[in-house]
Amino acid sequence: MAILLRQLCEKASYLYGMRILAGENGTGNIVQWIHTLEDVETGGFIHGGELIFTTGIAQNGNEWLLEFVENLYEREASGLVVNVGPYITSVPQSVIDYCNKMNFPLLEVPWKTRLVDITRDFSNQIFQNEKEEENLADTLKNIVFDPKNAREYLPALARNNFNVNGKFCIMGIDIDFLNRNVYRQKMFRSHLLRRVERMVGTIGYFVSSESIFIVLNDFANEEIHDLAKRLEEQEGFDTVTLKIAVSQNEPGIEHLFENYKKVCTLLRLARKRGESPLFYDEFGAKKILLSVGDNEVLESYYHETLGALERYDRENDTQYLELLRRYLELDGSVQALADAVYVHRNTINYQLNKIKKILGRDFSGLQSRFELILAYQVRELL
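So, in structure tokens, the structure goes:
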């Protein structure tokens, strides 16, 4: 997972004389990178998520610091480290008060500390954390997309504190960003995953087709359902829309590929329906369709069964596809359908006969109705 400010600073007190002046509640901020700034106007050059260092060498006095900190906070920097010395002799109380109010981390290091040493140390920690994160993501991808050789990666999972004999579940999260800034999107993913970790502990994840797939290990079904619903209810997601889908929870890493495919189908369905979260376990008989490995088989069946009616509606501006669906839902009752749509039963009979001609099939028998109902079920999943 992305590294936190408090993790970076664990040894900084005795190595570099660093101490926190204000905003201690914000030390859980994610740090994406290290940056040095000396001018209020240059705050616009950061993306967000940077830990900023400053010496004040380009300034006169300390009064500029408040505007500087306000700018950094608005730009979503992770914190500010002030190198106290000849240019910044002390940090004004107004700056400390502001940082405490906003939970914006404000730290200081003495002039004798070489900033090149501390920034190199912090940068190395960020690199190492990203490498470990990428290695775990690659391991999970290899397991998912190369299921025949999945067991070769068991030692790597064990090293990352996975119980390889426990249950595995995949939670897919599709994120629709209103903000198209790529860096901001990366930051949001990191914050989202950090929230998941705060809720349930250490996780593994990978990104595929712009969606996040979290691999949950050794969780009870109730915990997984609770996590999905809590994520949907999280505040601070004003610029994004989340769609969440959850696979079944079962032992054996060799099932991850099939569960990944099911989650992808459920995410597509969530986007289509505008519903979330969707749980595989709640799909009843449709789980059989979700388990079909070849999506082309489902598409072929639908088009063979109902494709002609869909084309007729499109070309003639009719609603026969919907009319037939309602007829089947009402157990084939012409009168019930007539009452539901407020037309005479003779009109319904005429329309149903027209549908029979278009489809080239009768649907009075149980088998025929079953095939049509199945086609409608398939349509919902495509």
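My numbering numbers the first residue of the sequence shown as 41 and each following residue consecutively.
C-beta atoms are modelled at their ideal positions from N, C-alpha and C, and glycine is treated no differently.
This one's a predicted model, so the numbers in the text were calculated from it and none came from an experiment.
Hey, is the segment 91 to 108 in contact with the segment 193 to 212, meaning 3+ C-beta pairs nearer than 8 Å?
With the cut-off at 8 Å, the segment 91 to 108 and the segment 193 to 212 do not touch.
Please state whether DSSP places ILE86 in a helix, a strand or coil.
Coil, per DSSP.
Can you find at least 3 beta carbon pairs, one from the segment 172 to 189 and one from the segment 245 to 252, that sit closer than 8 Å?
Cβ pair count under 8 Å is three or more, so yes.
Compare the C-alpha of LEU61 against each of PRO291, THR129 and LEU147 and name the closest.
Comparing Cα positions, the closest option is LEU147.
Per DSSP, which one or two residues make a beta bridge with TRP19?
The first residue shown for the chain is 41 and the last is 422, placing residue 19 beyond what the model contains.
Could you compute how far the alpha carbon of ASP217 sits from the alpha carbon of MET142?
Strictly speaking, residue 217 in this sequence is Phe, with Asp absent from that position. Near 26 Å, if we compare the C-alpha coordinates of MET142 and PHE217.
Which residues share a DSSP beta bridge with ARG59?
In DSSP, ARG59 forms a bridge with GLU148.
What do you get for GLY101, buried or exposed, if any count of 16 or more other CB atoms within 10 angstroms of its CB means buried?
So GLY101 counts as exposed.
Report the three-state DSSP secondary structure of ASP186 (helix, strand or coil).
Coil.
Note down, in chain order, each residue of its chain lying with its Cβ closer than 8 Å to the Cβ of TRP151, except the 5 sequence neighbours on either side.
Here the set comprises ASN123, VAL124, GLY125 and PRO126.
Which of the three DSSP states is assigned to TYR367 in this structure?
Correct three-state label for TYR367: helix.
How many whole angstroms separate the CB atoms of ARG419 and GLY372, which I take to be in contact at a CB cut-off of 8 Å?
The Cβ separation is near 19 Å, so there is no contact.
In the DSSP assignment, find the beta strand (DSSP E) that holds LEU498 and state where it starts and stops.
Nothing can be reported for residue 498, as the shown portion of the chain is limited to 41 through 422.
Within the continuous beta strand (DSSP E) that includes LEU282, where are the two ends?
Element bounds for LEU282: 280 to 286.
So LEU267 and MET239 are in contact, right, with Cβ under 8 Å, and what is the actual spacing, rounded?
At roughly 6 Å, the Cβ-Cβ gap stays under 8 Å, so LEU267 and MET239 are in contact.
Given 8 Å as the limit, is there contact between the segment 303 to 322 and the segment 281 to 290, that is, 3 or more CB pairs closer than that?
Yes, the segment 303 to 322 touches the segment 281 to 290.
Pop quiz: TYR193 and ASN203 are said to be a contact at Cβ under 8 Å. What is the actual Cβ separation, rounded to whole angstroms?
Their Cβ separation, rounded to whole angstroms, is 14 Å, which puts TYR193 and ASN203 out of contact at 8 Å.
Comparing C-alpha positions only, which one of TYR367, PHE323 and LEU399 sits nearest to VAL381?
The candidate whose alpha carbon is nearest that of VAL381 is TYR367.
What are the start and end residues of the beta strand (DSSP E) that includes ASN257?
Per DSSP, ASN257 belongs to the beta strand (DSSP E) from 251 to 257.
Work out the CA separation of GLY96 and THR153 for me, nearest whole Å.
Going by the C-alpha atoms only, they are around 15 Å apart.
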